[in-house]
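Novice: Mind looking over this structure? Questions follow.
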Amino acid sequence: MGDSPHYDVIIIGTGAGGGTLAHRLAPSGKRVLLLERGGYLPRERDNWDSTAVFVKGKYRAPEFWFDKHGEAFPPEVNYYVGGNTKFYGAALFRLRPEDFGELRHHGGISPAWPLRYEDLEPYYTQAEHLYLVHGRHGEDPGEGPVSVQYAYPPVEHEPRIQQLSDDLERKGLHPFHLPIGVDLVQDADGRAVPSSVCIRCNRVDGFPCLVRGKSDAQVICVEPALEHPNVELLTQAHVVRLETDATGRSVTAVVVRGADGAETRFSADIVVVSCGAVNSAALLLASANDHHPRGLANSSDVVGRHYMRHNNLALMAVSKEPNDTQFQKTLALHDWYLGADDWGHPLGGIQMLGKSDAEQIHGEAPRWAGAVTPDMPFEVLAHHAVDFWLCGEDLPMPDNRVTLDGDGAIHLALDEKNNTEGLERLRHKLQGMLGHLGMHEHHLLPHSIYLHKGMPIGATAHQAGTVRFGTDPAASALDIHCRAHDLDNLYVVDTSFFPSIGAVNPSLTAIANALRVGDHLLARLG
1 MGDSPHYDVI IIGTGAGGGT LAHRLAPSGK RVLLLERGGY LPRERDNWDS TAVFVKGKYR
61 APEFWFDKHG EAFPPEVNYY VGGNTKFYGA ALFRLRPEDF GELRHHGGIS PAWPLRYEDL
121 EPYYTQAEHL YLVHGRHGED PGEGPVSVQY AYPPVEHEPR IQQLSDDLER KGLHPFHLPI
181 GVDLVQDADG RAVPSSVCIR CNRVDGFPCL VRGKSDAQVI CVEPALEHPN VELLTQAHVV
241 RLETDATGRS VTAVVVRGAD GAETRFSADI VVVSCGAVNS AALLLASAND HHPRGLANSS
301 DVVGRHYMRH NNLALMAVSK EPNDTQFQKT LALHDWYLGA DDWGHPLGGI QMLGKSDAEQ
361 IHGEAPRWAG AVTPDMPFEV LAHHAVDFWL CGEDLPMPDN RVTLDGDGAI HLALDEKNNT
421 EGLERLRHKL QGMLGHLGMH EHHLLPHSIY LHKGMPIGAT AHQAGTVRFG TDPAASALDI
481 HCRAHDLDNL YVVDTSFFPS IGAVNPSLTA IANALRVGDH LLARLG
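Structure (structure tokens):
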């Protein structure tokens, strides 16, 4: 192991899973090493520039993966301290209690989890408080029971979104304030007070936050953890494989390739992989050895399989009245989450996106040729845009999987038509309401620039499921504590562990689970 010191815990990755886990372990005094593949995201004006972020993909990882046909595509991943939370929209929903049980969808079965909603509920509350989630429990009639109200009040709707909420209520629906993680203090009119870190701008969704007002893992967890002398962070540290002892039951070395190409080995009593569902699976597969010929933690042959990423649509409606909203991401609607009067299967949820601007509209212009009226220039269209995100459940299919080729490149096989009927019906529900919501009835435009030029397989922001947990070692890679069945000291703490993904953003569940596993590790470490 050379001169590298031995640690109590090594955490690979600093996002919602790894960063939160480090925060949980930091006060214990245990020696913790965080390994981050990238560096700190540069703070610069381009952080808030639509062309730089969305059109040019300036901060996206400069790499390509391959689909099942061998075609290269750029994935929606970012390698920075804080992981993909640097760019997430900070929509922090709980899964519903029904999501933890078996659910029958039009396209198949969403499997049950080995724990219940009630097991995770206390950690959901802790996660909401830690990540400064603003919301109001009780507004969504379908949400699960809660032990404690949000610590912060909901972000108030601006006038056009309040009108939308009122119109939805008049239709007998139940819109609610979207739970969002921001460091915001509002006055009586909902405006940011002078001392508020968040300024209620229109850059909350998909952009890194220049003023540190968004609750990302770097700001909320990693930096506070590093205030403890027992926690260290090594950046530009790409972990290329894990090595085991002669019995194959324990990870003895974490092999890191630095920016100069040189390799260094680190050791710890416990090794935690938290690289994101695709890269965590890829690391385990790349670590195959004589004891683990199919990859670490993979005697069940599930590592890399059951990849999920949600069935999503980003759509733009055109308001008859101007939409002057800046902070648009304040409303959600889950009335059809589990089904509808005219359909017995789950449809999913609707929520607001961040407000689109003229640069994004211009980026979409070639795709929308003929779709909008000639008397509506794109600048006017941007001023009238109201942006929606539709989210349906993607089912865990064994052939939707991550594999590596002989050169170590990532291949991602994906059936993009998996369980999409519910999402299409959700779209028709929204389309059918436009006239009642003050929108032009025939203008519901695909907002593909949000997904980096409309490559569905490249939209990996909600990736999950590739190292699933369960009670049966023949059908899962991890036990209920997210420890590998096959190794005593290897854990996976990101969205890889999901056996199903529900129809809400997965970040809060990843955060809550990291806190839960953190408590288990603290007990194990004594």
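Reading the sequence shown from the start, the letters are residues 1 to 526 in the working numbering. Think of the CB as a built atom: it goes at the ideal place given N, C-alpha and C, for glycine as much as any other residue. Small disclaimer: the values here were computed from a predicted structure and weren't measured.
1) Give every residue of the same chain whose Cβ lies closer than 7 Å to the Cβ of ALA510, excluding the five residues on either side of it in the sequence, and list them in chain order.
2) Pop quiz: SER507 and TYR88 are said to be a contact at Cβ under 8 Å. What is the actual Cβ separation, rounded to whole angstroms?
3) For HIS452, count the other beta carbons within 10 Å of its own beta carbon; 16 or more makes it buried, fewer makes it exposed. Which is it?
4) At the level of alpha carbons, what is the spacing between PRO446 and ARG60?
5) I'd like the list of long-range same chain contacts for LEU515, defined as Cβ closer than 7 Å, with 5 residues on each side in sequence excluded.
6) The beta strand (DSSP E) with MET352 in it runs from where to where?
7) Using only CA atoms, which one of ASP290, ILE270, PRO74 and HIS428 lies nearest to ALA523?
8) The alpha helix (DSSP H) with LEU522 in it runs from where to where?
9) Between the alpha carbons of ARG31 and TYR7, how many angstroms are there, rounded?
10) Per DSSP, which residues does ALA192 bridge with? Please list them.
11) Going by DSSP in three states, GLU121 sits in which element: helix, strand or coil?
12) Got a sec: is the Cβ-Cβ distance from ARG37 to anything in chain D below 7 Å?
13) For THR51, is the classification buried or exposed, using 16 other Cβ atoms within 10 angstroms of its Cβ as the cut-off for buried?
14) Candidates ASN400, GLY29, ASN78 and ARG401: which alpha carbon is nearest GLY57's?
15) Helix, strand or coil for ASP8 per DSSP?
16) Nearest to LEU132 by alpha carbon, out of ASP245, LEU414, PRO179 and VAL231?
17) With a Cβ-Cβ cutoff of 7 Å, do HIS306 and HIS105 count as a contact?
18) I'd like the span of the alpha helix (DSSP H) that includes GLY18, first residue to last.
19) Which residue spans inside the segment 55 to 122 form an unbroken beta strand (DSSP E) run of at least 3?
20) How about LEU353 and ASP205: do their beta carbons lie closer than 7 Å?
21) Three Cβ pairs or more, each shorter than 8 Å: is that satisfied between the segment 59 to 75 and the segment 457 to 466?
22) Taking all protein chains shown into account, do 16 or more other C-beta atoms lie within 10 angstroms of the C-beta of ASN400, making it buried, or fewer, making it exposed?
23) Excluding the five sequence neighbours on either side, which residues of its own chain have a C-beta within less than 7 Å of the C-beta of VAL517, listed in chain order?
24) What are the start and end residues of the beta strand (DSSP E) that includes ARG401?
25) In angstroms with no decimal places, state the Cα-to-Cα distance between HIS134 and LEU434.
26) Would you tell me roughly how many angstroms separate the C-alpha atoms of ALA413 and GLY304, rounded to the nearest one?
27) Bridge partners for THR264 per DSSP, in chain order?
28) Can you tell which of GLN326, LEU173, ASP189 and GLN186 has the C-alpha that lies nearest to the C-alpha of LEU430?
29) What are the complete beta strand (DSSP E) segments, minimum 3 residues, inside the segment 406 to 431?
30) Go through its chain and collect everything with a Cβ distance to ARG265's Cβ below 8 Å, but skip five positions before and after it.
31) Between which residues of its own chain and LEU41 is the CB-CB distance below 6 Å, once the five residues before and five after are set aside?
32) Pull up the DSSP beta-bridge partners for GLY220, would you.
33) Any heavy atom of the ligand SAM inside 6 Å of the beta-carbon of ASP394?
34) Counting along the chain, where does the alpha helix (DSSP H) carrying ARG468 start and finish?
35) Suppose you measure from the CA of PRO154 to the CA of LEU92; what does that come to, to the nearest Å?
36) In angstroms, rounded to a whole number, what distance separates the CA positions of VAL53 and ASP46?
Specialist: Short version:
1) Sequence index remark: in the sequence shown, residue 510 carries index 510 (1-based). Here the set comprises ALA16, GLY17, ASP494 and THR495.
2) In the sequence shown, the residue the question calls residue 507 occupies position 507. In the sequence shown, the residue the question calls residue 88 occupies position 88. With 8 Å as the limit, SER507 and TYR88 qualify as a contact, their Cβ atoms being about 6 Å apart.
3) Here the question's residue 452 lines up with position 452 in the sequence shown. Any reading at HIS452 needs caution, since the residue's pLDDT is 47, under 50, leaving its predicted position unreliable; the model's value is listed next. That one is buried.
4) Within the sequence shown, residue 446 is the residue found at index 446, counting from 1. Within the sequence shown, residue 60 is the residue found at index 60, counting from 1. About 22 Å.
5) Residue mapping note: residue 515 aligns to position 515 of the sequence shown, counting from 1. Counting only Cβ-Cβ distances below 7 Å, and skipping sequence neighbours, we find THR20, ARG24, TYR123, GLN126 and ALA127.
6) For the purposes of this step, residue 352 is taken as residue 352 along the sequence shown, with counting starting at 1. Counted as a single uninterrupted DSSP element, the beta strand (DSSP E) harbouring MET352 occupies residues 349 to 352.
7) Locating residue 523 in the sequence shown gives position 523, counting from the first residue. Among ASP290, ILE270, PRO74 and HIS428, the Cα nearest to that of ALA523 is on ILE270.
8) Translated into the one-based positions of the sequence shown, residue 522 becomes position 522. Where LEU522 is concerned, the enclosing alpha helix (DSSP H) stretches over 507 to 525.
9) The residue you call residue 31 lines up with position 31 of the sequence shown. The residue you call residue 7 lines up with position 7 of the sequence shown. The straight-line gap from Cα to Cα measures roughly 5 Å.
10) By one-based count along the sequence shown, residue 192 stands at place 192. DSSP lists GLN186 as the bridge partner or partners of ALA192.
11) Locating residue 121 in the sequence shown gives position 121, where the first residue counts as 1. Helix.
12) Here there is only one protein chain, and chain D is not present.
13) Translated into positions along the sequence shown, residue 51 becomes position 51. When all chains shown are included, THR51 counts as exposed.
14) As a first step, residue 57 is located in the sequence shown; it is residue number 57 there, counting from the start. Ranked by Cα distance from GLY57, the options ASN400, GLY29, ASN78 and ARG401 are led by ASN78.
15) For the purposes of this step, residue 8 is identified with residue 8 of the sequence shown, where counting begins at 1. Residue state, collapsed to three classes: strand.
16) Counting from 1 along the sequence shown, the entry for residue 132 is found at position 132. Considering only alpha carbons, the answer is PRO179.
17) Taking the sequence shown and counting its residues from 1, the one referred to as residue 306 is at position 306. Taking the sequence shown and counting its residues from 1, the one referred to as residue 105 is at position 105. Not a contact, by the Cβ cut-off of 7 Å.
18) By 1-based counting over the sequence shown, the position of residue 18 is 18. Segment 18 to 25, the alpha helix (DSSP H) holding GLY18.
19) Every beta strand (DSSP E) stretch that sits fully inside the segment 55 to 122 and reaches 3 residues is listed by chain position as 103 to 105 and 108 to 110.
20) Along the sequence shown, read from residue 1 onward, the residue named residue 353 stands at position 353. Along the sequence shown, read from residue 1 onward, the residue named residue 205 stands at position 205. In this structure, LEU353 lies near ASP205, with their beta-carbon atoms less than 7 Å apart.
21) As far as the Cβ criterion goes, the segment 59 to 75 touches the segment 457 to 466, which means the pair count is three or higher.
22) For this step, residue 400 is matched to residue 400 along the sequence shown. Of the residues assessed, ASN400 falls on the buried side of the cut-off, its CB having 16 or more other CB atoms within 10 angstroms.
23) Locating residue 517 in the sequence shown gives position 517, counting from the first residue. Residues of the same chain with a CB within less than 7 Å of the CB of VAL517, apart from the 5 flanking positions on each side, are LEU21, HIS481, CYS482, TYR491 and VAL493 in chain order.
24) For the purposes of this step, residue 401 is taken as residue 401 along the sequence shown, with counting starting at 1. That run of the beta strand (DSSP E) goes 401 to 404.
25) As a first step, residue 134 is located in the sequence shown; it is residue number 134 there, counting from the start. As a first step, residue 434 is located in the sequence shown; it is residue number 434 there, counting from the start. Approximately 28 Å between the Cα atoms of the pair.
26) Sequence index remark: in the sequence shown, residue 413 carries index 413 (1-based). Sequence index remark: in the sequence shown, residue 304 carries index 304 (1-based). Approximately 10 Å, taken between the alpha carbons.
27) Sequence index remark: in the sequence shown, residue 264 carries index 264 (1-based). THR264 pairs with VAL256.
28) Here residue 430 refers to the residue found at position 430 when the sequence shown is read from its first residue. Answer by Cα proximity: LEU173.
29) Segments of the beta strand (DSSP E) lying fully in the segment 406 to 431: 410 to 413.
30) As a working mapping, residue 265 is identified with position 265 in the sequence shown. For ARG265, where only same-chain residues beyond five positions count, the Cβ hits under 8 Å are MET1, GLY2, SER4, GLU243, ALA253, VAL254, VAL255 and VAL256.
31) Within the sequence shown, numbered from 1, the residue matching residue 41 stands at position 41. Excluding sequence neighbours, LEU41 sits near TYR80, LYS86 and PRO208.
32) Here residue 220 refers to the residue found at position 220 of the sequence shown. The residue you asked about is not Gly; residue 220 is Ile in the sequence shown. Answer is none; ILE220 lacks a bridge partner.
33) This structure does not include the ligand SAM; it has no bound ligands of any sort.
34) Translated into the one-based positions of the sequence shown, residue 468 becomes position 468. Premise fails: ARG468 is in no alpha helix (DSSP H) and is neither H nor E.
35) In the sequence shown, counting from the first residue as 1, residue 154 sits at position 154. In the sequence shown, counting from the first residue as 1, residue 92 sits at position 92. In this structure, the CA atom of PRO154 is about 12 Å from the CA atom of LEU92.
36) Taking the sequence shown and counting its residues from 1, the one referred to as residue 53 is at position 53. Taking the sequence shown and counting its residues from 1, the one referred to as residue 46 is at position 46. Taking the straight line from one Cα to the other gives about 7 Å.
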